[in-house]
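Engineer: Submitted below is the structure of interest, expressed as structure tokens.
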Amino acid sequence: MRCLVCFCFMIGIYSCSFDGSLDPNLIVGEWEVIYFVEEGEKVNKTESNTFDISSDVILIDFGEYNSQLSGTVSGLRVTNGYVGEYQLSEDGDIIISNVVGTLINEPSWTQLFNLNEVQTFEVESSLLYLYKGSAENAIVFERR
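Taking the working numbering, the leading residue of the sequence shown gets 129, the next gets one more, and so forth.
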């Protein structure tokens, strides 16, 4: 009987849909970086760390996810495109992996855009926060 209960419990864990406090649909779509947070300090785009402050953008597009809460991610890093994969968890964790792209002729501001360091996410109103370990280090986006 104990084995049957354990088996049913495991089936329930692996077959449940996203029922955490975060709605994964909130992350799907295109976002533009508006600033970074590094060691608790806000880092904005400026004339000294980018080529053209009005037109240089960093974009990310989270594609629709599947039943395992994984999907594709793509975007633009000012002068270069990239693609990769993402995996969500029910508690707000996110893994962005297999990111490939070029890094040719990019301004220094893009060096803070490191998706491999992202561990958790949060969506508040029209802002997406991708946290790199803690709230002290984040990439902050606005929905496009």
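From the three backbone atoms N, C-alpha and C, an ideal C-beta is built for every residue, glycine too.
Within 10 angstroms of the Cβ of I232, are there 16 or more other Cβ atoms? Answer buried if so, exposed if not.
Structural biologist: With fewer than 16 Cβ atoms within 10 Å of its Cβ, I232 is classed as exposed.
Engineer: What are the partner residues of G209, as DSSP defines its beta bridges?
Structural biologist: In DSSP, G209 forms a bridge with L204.
Engineer: Among N226, D180 and T174, which one has its Cα closest to the Cα of S198?
Structural biologist: If we check each option's Cα against that of S198, N226 comes out closest.
Engineer: Answer with buried or exposed for K260, where buried requires no fewer than 16 other C-beta atoms within 10 angstroms of its C-beta.
Structural biologist: Result: buried.
Engineer: Are the Cβ atoms of F249 and G220 separated by less than 8 Å?
Structural biologist: Contact flag set, yes.
Engineer: To the nearest angstrom, report how far apart F190 and D180 are at their CA atoms.
Structural biologist: The straight-line gap from Cα to Cα measures roughly 25 Å.
Engineer: Note down the Cα distance separating P152 from Q215, rounded to an integer number of angstroms.
Structural biologist: Using only the alpha carbons, I get a separation of about 10 Å.
Engineer: Going by the DSSP bridge assignment, what does Q239 pair with across the sheet?
Structural biologist: None, per the DSSP bridge assignment.
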